[in-house]
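Participant: Sharing a structure, written as structure tokens. Questions coming.
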Amino acid sequence: MKSIRLEIIQSAYAFGQKEIEELHTKTLVPKMMTRRRLTRAAKIAIYLSNEVSFTGGRIVYGSSFGELEATANILNSITNKEAISPTYFQNSVYNTAISYLSILQENEEELLTISSGDKTSDNVLKVGAVKSLDGDTLLLLVTETLNIEDIEKVNTCEVYLECAVALKVRQTDKEPTIQLSKSVGDSKVAPSMRTMLNIAKQCKVDKVNVIEISL
Amino acid sequence: MQIKNRVYITTSSSVSCAGKNNQILFKNILSGCTGIKQDKEYFLNASPALGKLDVEDTFFNVLLSECQNILDKSQLDNYEETLLVIGSSVGGMQSTEDIYMQTRNYADIDPNMHHIQVISKYLNNTFKFYDDVSFSTACTSSANAIGYAYEVLSKGLYKNVLVVGADSLSQTTVGGFLALGVLSSAPCKPFDENRDGMNVSEAIACLLLETEKKDGSIEVCGVGYSSDAYHMTHPKPKGEGAFLAMKKALEVAKLKSNDIDYINAHGTGTEANDSAEAAAIVSLFPHKPFVSSTKSITGHTLGAAGALEAIISSLVIEQQVLPSNPFLENPSNPDIHLLDKVCKTEIQYVMSNSFAFGGNNCSLIFGRLT
Chain A
105 MKSIRLEIIQ SAYAFGQKEI EELHTKTLVP KMMTRRRLTR AAKIAIYLSN EVSFTGGRIV
165 YGSSFGELEA TANILNSITN KEAISPTYFQ NSVYNTAISY LSILQENEEE LLTISSGDKT
225 SDNVLKVGAV KSLDGDTLLL LVTETLNIED IEKVNTCEVY LECAVALKVR QTDKEPTIQL
285 SKSVGDSKVA PSMRTMLNIA KQCKVDKVNV IEISL
Chain B
786 MQIKNRVYIT TSSSVSCAGK NNQILFKNIL SGCTGIKQDK EYFLNASPAL GKLDVEDTFF
846 NVLLSECQNI LDKSQLDNYE ETLLVIGSSV GGMQSTEDIY MQTRNYADID PNMHHIQVIS
906 KYLNNTFKFY DDVSFSTACT SSANAIGYAY EVLSKGLYKN VLVVGADSLS QTTVGGFLAL
966 GVLSSAPCKP FDENRDGMNV SEAIACLLLE TEKKDGSIEV CGVGYSSDAY HMTHPKPKGE
1026 GAFLAMKKAL EVAKLKSNDI DYINAHGTGT EANDSAEAAA IVSLFPHKPF VSSTKSITGH
1086 TLGAAGALEA IISSLVIEQQ VLPSNPFLEN PSNPDIHLLD KVCKTEIQYV MSNSFAFGGN
1146 NCSLIFGRLT
């Protein structure tokens, strides 16, 4: 089994029972017309990107359920025989969040979106590790935004309906300092988030943080 | 990009509205026989032309058959050392819609059957894969999947990769594109002055990629990715993002622009996409390679498009024949060499373009074995 080591240059995470608060969207996205179009995941991506001082470069993004609110709104429009909003449709694709981030940052680099169910953050790490072999610094980002009307009818597990993690990484040969695990302490967030959240929580400021990813 | 190994498409299989296998697909492409038909099933007040699969089994059972077909044609005993890479834009959306329309309640929806991973889940229930990952970047999903397969194999990280591009039609996609006002009610006319939109379509396209060439293999020579950083649904008008993806693919493949003999264009038939792509092709390819879009025959199969068009590109190389633009009447850009008839000629390298919502761009280059 091949493995690749990643140094985590900066990390950030956030979660909220219904919503993550204080995303500073007004400050980070001053143009109101742009701000109004952003999905929750896009606002969170912009916030966390700023938290890890990521201003451009390749992004590997992950979300198990993608843009659930836009999808639910379309479904309701169809069921109620109403016109579908073009904005909801354009915002329903899984790569919406990082597309808005790239527009704001004028980032013309590769953007990849992974949706691998419960394995999403594990796969973001694996794909990010593979890409890191090219020698650049990458943003690995995962979000889940499950706070839609009636979500309790289908969600019986997750306490935190919004959760997101950002890791700014590059390939390294240094010894690992962080063990990969899905800790019991993270069980209140969606399984798709747990591995990266666990890593982010183990990162220490002013220390070298390294993980080893097995492919 | 580190390149240790050369990478080959050794086997492929597809089912689309244009054919239930690769041979029928390519025959229909060459004869201009479209699989696109007007349809009223999805919305009573609109009759867009769509590309529906003509199969008697469920979408997921057809998917299993396609992957079994690849295994049977390959020299593999099983998929136990194979990385499965899925590209899909909607995943299990159709089943979510069916349940919600009946019950108007989320309670009966299984979240694990809704998301993109449902495709991999189905396949893993029948075949045991070494590992799997699912990409969802809208209409570039399976092009990105092929690009990733190329990367991991050329870097020597996995033994072989099965790429599956799969998307089924749903009310969400048909209704969504109707809302954007970009669906045509006839087979699309990419690059035509009077083009009036695209045809949404469904397909399953599977390719086995390996580092050892077999008889009939086609080489994957390079991949280029870029982002427009411009708009969620509109490409940059001069095609700068498309230009960048194509340029990067040439760099990875260590080729010059005049090495490309044919471009299988993204060519959806929409006003904005075709003019941007044509502008990018004019800028990067002064030698005017042959260009056509096969979407008037297959429709735009969304997340499956990159994989389906990779198969079409490999058939172009294998059979040394170029598809035309069968519904083209008045080319909108005279500076690109749009094929007006099928052309038998020597073809060494083919580029296949895929572009998506969010300005996500991926260009792939395929080559004949030398």
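Residue numbers (this note's numbering), protein chains in the order written: chain A, 105 to 319; chain B, 786 to 1155. Positions of the beta carbon are idealized from the N, C-alpha and C atoms, including for glycine.
#1: Near B/LYS999, which residues of its chain fall below 6 Å by C-beta distance, leaving aside the five closest residues on each side in sequence?
#2: Any heavy atom of the ligand MG closer than 7 Å to the beta-carbon of A/GLU171?
#3: Compute the Euclidean distance between the alpha carbons of B/CYS973 and B/TYR1134, then round it to the nearest angstrom.
#4: Taking only three categories from DSSP, how would you classify A/GLU213?
#5: Around the Cβ of B/ASP1046, are there at least 16 other Cβ atoms within 10 angstroms (buried) or fewer (exposed)?
#6: Do A/TYR165 and A/LEU216 count as a contact pair if the criterion is CB distance below 8 Å?
#7: Please tell me whether A/LYS235 and A/ARG298 are closer than 8 Å, where the distance is taken between their beta carbons.
#8: Inspect the beta-carbon positions of A/LEU110 and A/VAL273 and report whether they are closer than 8 Å.
#9: Taking 8 Å as the cut-off, does the segment 1025 to 1035 of chain B touch the segment 167 to 178 of chain A (at least 3 CB pairs, one atom from each stretch)?
#10: Of all the alpha helix (DSSP H) runs that stay within the bounds of the segment 981 to 1048 of chain B, which reach a length of 4 or more residues?
#11: In the DSSP assignment, the beta strand (DSSP E) including B/TYR793 goes from what residue to what residue?
#12: Take the Cβ of A/THR131 as the centre, count every other Cβ of all protein chains shown within 10 Å, and call the residue buried at 16 or more, exposed below.
#13: Below 8 Å between beta carbons: does that hold for B/LEU954 and A/PRO190?
#14: Using the Cβ count rule (16 or more neighbours within 10 Å means buried), how would you classify B/PRO1119?
#15: In chain order, what are the residue ranges of uninterrupted beta strand (DSSP E) at least 3 long that sit wholly in the segment 846 to 891 of chain B?
#16: When the distance is taken between beta carbons, is A/THR247 closer than 8 Å to A/ALA268?
#17: Looking at the secondary structure, which residues open and close the beta strand (DSSP E) in which A/GLU111 lies?
#18: Determine whether the Cβ of B/TYR864 lies closer than 8 Å to any Cβ atom of chain A.
#19: Check the Cβ-Cβ distances between B/GLN956 and every residue of chain A, and say whether any is below 8 Å.
#20: Applying the criterion that 16 or more other CB atoms from any shown protein chain within 10 Å of the CB defines a buried residue, is A/SER318 buried or exposed?
#21: Can you pull the chain B residues whose beta carbon is under 9 Å from the beta carbon of A/PHE169, in chain order?
#22: Which one or two residues does DSSP pair with A/VAL273 in a beta bridge?
#23: Hey, quick one: how far does the beta strand (DSSP E) through B/SER1148 stretch, first residue to last?
#24: What residues from chain B crowd round A/ASP254, counting only those whose CB sits closer than 7 Å?
#25: Listing by chain order, which chain B residues have their CB less than 7 Å from the CB of A/ASN211?
Facilitator: Quick answer:
#1: THR795
#2: Questions concerning the ligand MG fall outside what the structure shown contains, since it holds no ligand whatsoever.
#3: 26 Å
#4: coil
#5: buried
#6: yes
#7: no
#8: yes
#9: no
#10: 1025 to 1038
#11: 792 to 801
#12: exposed
#13: no
#14: exposed
#15: 867 to 872
#16: yes
#17: 107 to 120
#18: no
#19: yes
#20: exposed
#21: PRO896, HIS899 and HIS900
#22: A/ILE112 and A/LEU242
#23: 1145 to 1152
#24: TYR891
#25: SER1012 and ALA1014
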